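Heads up: the structure comes next, in structure tokens.
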Amino acid sequence: MESMKLIGLNTKWYRYQKGITQEKYADITGFKMAYISVIENGDANLTCKNIDNIAKSFNITPQELFDESTAAKAKKLPQRVDMYKK
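Going by my numbering, the sequence shown opens with residue 134, and the numbers climb by one from there.
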């Protein structure tokens, strides 16, 4: 899987684990909400600085954003955080 897709899916996975919306996550990271959507869709060509920012926001290492097993779990998530049922 390509890096942009991996980071996008893993970002979605970790955001889901925190139970926060893209809007709330945008507040946390300082990114625009639309950019969060672009990231999670795997369409953002992220800088190292932005990868570090995402990892720091989840208290994980940047390497964890490239984990294929987590990305596979993220593929099964609903499209919207308000649809998540824990």
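Even for Gly, the Cβ is constructed at its ideal location relative to N, Cα and C.
Only a predicted model underlies this, so the values are computations on that prediction, with no experimental measurement involved.
If you drop the 5 nearest sequence neighbours on each side, which residues of the same chain put their C-beta closer than 8 angstroms to that of residue i?
{"i": "residue 208", "result": "142"}
{"i": "residue 161", "result": "153, 190"}
Tell me the DSSP secondary structure of residue i in three-state form.
{"i": "residue 141", "result": "helix"}
{"i": "residue 212", "result": "coil"}
{"i": "residue 162", "result": "helix"}
{"i": "residue 218", "result": "Residue placement at residue 218 is poorly supported in this model, since its pLDDT is 49, which falls under 50; the coordinates still yield a value, given next. Coil, per DSSP."}
Output the distance between the C-alpha atoms of residue i and residue j, rounded to the nearest integer angstrom.
{"i": "residue 179", "j": "residue 168", "result": "10 angstroms"}
{"i": "residue 199", "j": "residue 206", "result": "13 angstroms"}
Ordered along the chain, which non-local residues of its own chain (more than five positions away) have a Cβ less than 6 angstroms from that of residue i?
{"i": "residue 172", "result": "141, 144"}
Rounded to the nearest angstrom, how far is the Cβ of residue i from that of residue j, given a contact under 8 angstroms?
{"i": "residue 201", "j": "residue 139", "result": "7 angstroms"}
{"i": "residue 146", "j": "residue 203", "result": "5 angstroms"}
Skipping 5 residues on each side, what residues in its chain have a beta carbon closer than 7 angstroms to that of residue i?
{"i": "residue 186", "result": "162"}
Do residue j and residue i come within 9 angstroms of each other at the CB atom, strictly closer than that value?
{"i": "residue 177", "j": "residue 137", "result": "yes"}
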